[in-house]
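In terms of the UniProt record's numbering, the sequence shown has 43 at position 43, counting the first letter as 1, and numbering is strictly consecutive.
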Amino acid sequence: MHSLLVIHNSLTANEPAAGSPGRPDTVLRDCGYLVEVAGTEEEAISRITEADASILNLPITEINHWGMLLMQQKTAPILWWCTDETATLSVTACEDNIMVDGLLAPSMHPQEIHWSLHFSAKQCFERQQWMKEREQLLSRLEERKWIDMAKGILSKVKNISESEAYDLLRKQAMNERKRMVDVATSIVKVYQLLQDQT
1 MHSLLVIHNS LTANEPAAGS PGRPDTVLRD CGYLVEVAGT EEEAISRITE
51 ADASILNLPI TEINHWGMLL MQQKTAPILW WCTDETATLS VTACEDNIMV
101 DGLLAPSMHP QEIHWSLHFS AKQCFERQQW MKEREQLLSR LEERKWIDMA
151 KGILSKVKNI SESEAYDLLR KQAMNERKRM VDVATSIVKV YQLLQDQT
């Protein structure tokens, strides 16, 4: 990880004063990183493609908005720059599902910053893997729902058991060279259409 994008808003842009030791861009440059700064969504979108990670120098309430915006552009770690200015809210703000992979603070030593960035990269890619697995699982559950509804319809209409209905569905899918869920969806939709007409 070498290039970082620091994002701030109008409240945190000048806190502390430009060039002073507590600013994230100053601290990170002193640690040897290439740092770009963005204060608007347009600037962030145009600069995120070159960054290895994003540092959000923002109040905790703005993190999820920015996290989603950045993740739509590029999969990269998102870290929160935690200071007195960005952490002024109560603990209840932290109870939401905050989209950050790590924390950084002006009091951290260079080695702590490097390790935090390293672990945040690992956390980011684990989160992405978990999200993909979650989407796949939800898709399978949705497919299972359509297949179960079609089995129920076939059992009722043809007066057969659910296992026989499942075999019938599978055979029909093979004959039509379609996925089983597609055949099941067609059966359910046609049945519902017929029910609505009667």
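From the three backbone atoms N, C-alpha and C, an ideal C-beta is built for every residue, glycine too.
For Leu103, which residues in the same chain have their Cβ closer than 6 Å to its Cβ, ignoring the five residues on either side in sequence?
Taking the first residue of the sequence shown as position 1, residue 103 is located at position 103. Excluding positions up to five away in sequence, the list reads Trp80 and Cys82.
In terms of alpha-carbon separation, which member of Val190, Thr61, Asn159 and Ile98 lies closest to Ile78?
Taking the sequence shown and counting its residues from 1, one reaches residue 78 at position 78. The shortest C-alpha separation from Ile78 is found at Ile98.
Under the three-state DSSP convention, the category residue 200 falls into
Nothing can be reported for residue 200, as the shown portion of the chain is limited to 1 through 198.
Assuming Glu7 and Ser54 make a contact with CB atoms under 8 Å, what is their CB distance in whole Å?
As a position in the sequence shown, residue 7 is number 7, starting the count at 1. As a position in the sequence shown, residue 54 is number 54, starting the count at 1. The sequence shown places Ile at residue 7, rather than the Glu named in the question. Confirmed, Cβ separation roughly 6 Å.
Would you tell me roughly how many angstroms separate the C-alpha atoms of Thr185 and Tyr191, rounded to the nearest one?
Translated into positions along the sequence shown, residue 185 becomes position 185. Translated into positions along the sequence shown, residue 191 becomes position 191. If you take the alpha carbons of Thr185 and Tyr191, they lie about 10 Å apart.
Less than 9 Å separating the beta-carbons of Asp25 and Pro110?
Translated into the one-based positions of the sequence shown, residue 25 becomes position 25. Translated into the one-based positions of the sequence shown, residue 110 becomes position 110. Their beta carbons are not under 9 Å apart, which means Asp25 does not touch Pro110 by this criterion.
According to DSSP, is Ser54 helix, strand or coil?
Position 54 of the sequence shown, counted from the start, is the residue given in the question as residue 54. In the displayed model, Ser54 falls within a strand according to three-state DSSP.
Got a sec? Which residues, its chain only, sit under 7 Å from residue 201 by beta carbon, not counting five neighbours each side?
With the chain represented from 1 up to 198, any question about residue 201 goes unanswered, as that position is not in the structure.
Threshold first: 3 residues or longer. Then list the beta strand (DSSP E) segments lying entirely within the region 119-158, N to C.
none
Buried versus exposed, by CB contacts within 10 Å (16 or more), Ala144:
Against the sequence shown, residue 144 aligns to sequence position 144. With the sequence shown as reference, residue 144 is identified as Arg, and Ala is not the correct amino acid for it. With fewer than 16 other Cβ atoms within 10 Å, it is exposed.
Quick check on DSSP: helix, strand or coil for Glu85?
The residue you call residue 85 lines up with position 85 of the sequence shown. If DSSP states are grouped into helix, strand and coil, Glu85 belongs with coil.
Per DSSP, Glu36 is paired with what?
Within the sequence shown, numbered from 1, the residue matching residue 36 stands at position 36. Answer by DSSP bridge pairing, in chain order: Leu5.
If you count every other CB in all the chains shown that lies within 10 Å of the CB of Trp115, and 16 or more means buried, which is it?
Residue numbering aside, residue 115 sits at position 115 when the sequence shown is read from its first letter. Trp115 is exposed by the Cβ-count criterion.
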